[in-house]
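Quick note: the sequence shown, position 73, residue 73 per the UniProt record's numbering, numbers continuous.
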Amino acid sequence: MEAKTGNSGMLYHELQVRQLCGLHALNTALQGPFFSEGDLLEIAADLDARERKVMSRAGGVGAGDFLAEGQGSHNVSDNGDFGVEV
1 MEAKTGNSGM LYHELQVRQL CGLHALNTAL QGPFFSEGDL LEIAADLDAR ERKVMSRAGG
61 VGAGDFLAEG QGSHNVSDNG DFGVEV
């Protein structure tokens, strides 16, 4: 996403939507709408896949491990909270 320009020197700010605090904080720090919820979901899914791969190589994915395929995510909750790793 491209940042908006020409805001007359005002600080960029996004209104809070749902529980997307991390998204809004990131875009505010970067001073523009650089990332969307979809972008962060894509990053979280990639991290989940990489974590599963590492865990399976180490023999760490067991029946009770929520990193197993389809069992959840360390990187995003069901209600939209993103982990700091994202």
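Every residue gets a Cβ at the ideal spot worked out from N, C-alpha and C, and that includes glycine.
Backbone CA spacing between residue i and residue j [nearest angstrom]
i          : j          : result
residue 64 : residue 9  : Because the pLDDT of residue 64 is 47, which lies under 50, any placement of that residue in the model is unreliable, and the question is left without a value.
residue 86 : residue 57 : 22 Å
residue 31 : residue 24 : 10 Å
residue 15 : residue 33 : 12 Å
residue 77 : residue 53 : 20 Å
residue 20 : residue 11 : 19 Å
residue 49 : residue 17 : 27 Å
residue 1  : residue 84 : Legend: pLDDT at residue 1 = 49, less than 50; position of this residue unreliable, no value from coordinates given.
residue 51 : residue 13 : 33 Å
Cβ distance (whole Å) where residue i is taken to contact residue j below 8 Å
i          : j          : result
residue 82 : residue 38 : 12 Å between Cβ atoms; not a contact.
residue 26 : residue 35 : 6 Å
residue 47 : residue 75 : 5 Å
residue 29 : residue 73 : About 24 Å; that fails the 8 Å criterion.
Continuous alpha helix (DSSP H) stretch holding residue i: start and end
i          : result
residue 20 : Here residue 20 belongs to no alpha helix (DSSP H), and DSSP marks it neither H nor E.
residue 55 : 37–57
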